[in-house]
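Numbering follows UniProt numbering, with no gaps: position 26 of the sequence shown is 26. Glycine is no exception: its CB is placed at the ideal position from the N, C-alpha and C atoms. Remember, predicted model here, so these are calculated numbers, not experimental data. So the structure is just underneath, and the comments pick up after that.
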Amino acid sequence: VTTAIILAGGLGTRLKKAVPNLPKPMAPILGRPFLEYQMDYWIGQGVNKFILSIGYLNQTITEHFGREYQQV
1 VTTAIILAGG LGTRLKKAVP NLPKPMAPIL GRPFLEYQMD YWIGQGVNKF ILSIGYLNQT
61 ITEHFGREYQ QV
């Protein structure tokens with residue numbers, strides 16, 4: 001099992017003005033959350049399990065990704 005731990009729980013104070021109602025990992029880039037790009041990259045590298053360390057506005061992340069993302 002190849003597991004990636006992604007630290008995604010910061011307050012994102014430097015991005016507050018750009019994305020005031022979203023946690024930093026959910027900041028949109030070309031219509032997709034930044035975290036999706038990270039996870040897609042690691043899936044392409046063979047990762048098949050993620051541990052997300054989330055804090056600030058964590059429900060936004062869990063609602064978007066649920067328990068499974070791309071069958072991972």
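Option in the options with minimal Cα separation from residue i
i: Q70; options: V19, G12, Q38, M26; result: Q38
i: G10; options: N48, E63, V47, L52; result: L52
i: L7; options: A18, G46, F34; result: F34
i: T3; options: I43, A18, K17; result: I43
Under the three-state DSSP convention, the category residue i falls into
i: T60; result: helix
i: L7; result: strand
i: I49; result: Before going on, a small fix: residue 49 reads as Lys here, not Ile. Three-state result, K49: strand.
i: R14; result: helix
i: P33; result: strand
i: P28; result: strand
For residue j and residue i, believed in contact at Cβ under 8 Å, the rounded distance
i: P23; j: L57; result: 4 Å
Exposure of residue i, with buried meaning 16 or more beta-carbon neighbours within 10 Å
i: P25; result: buried
i: G66; result: exposed
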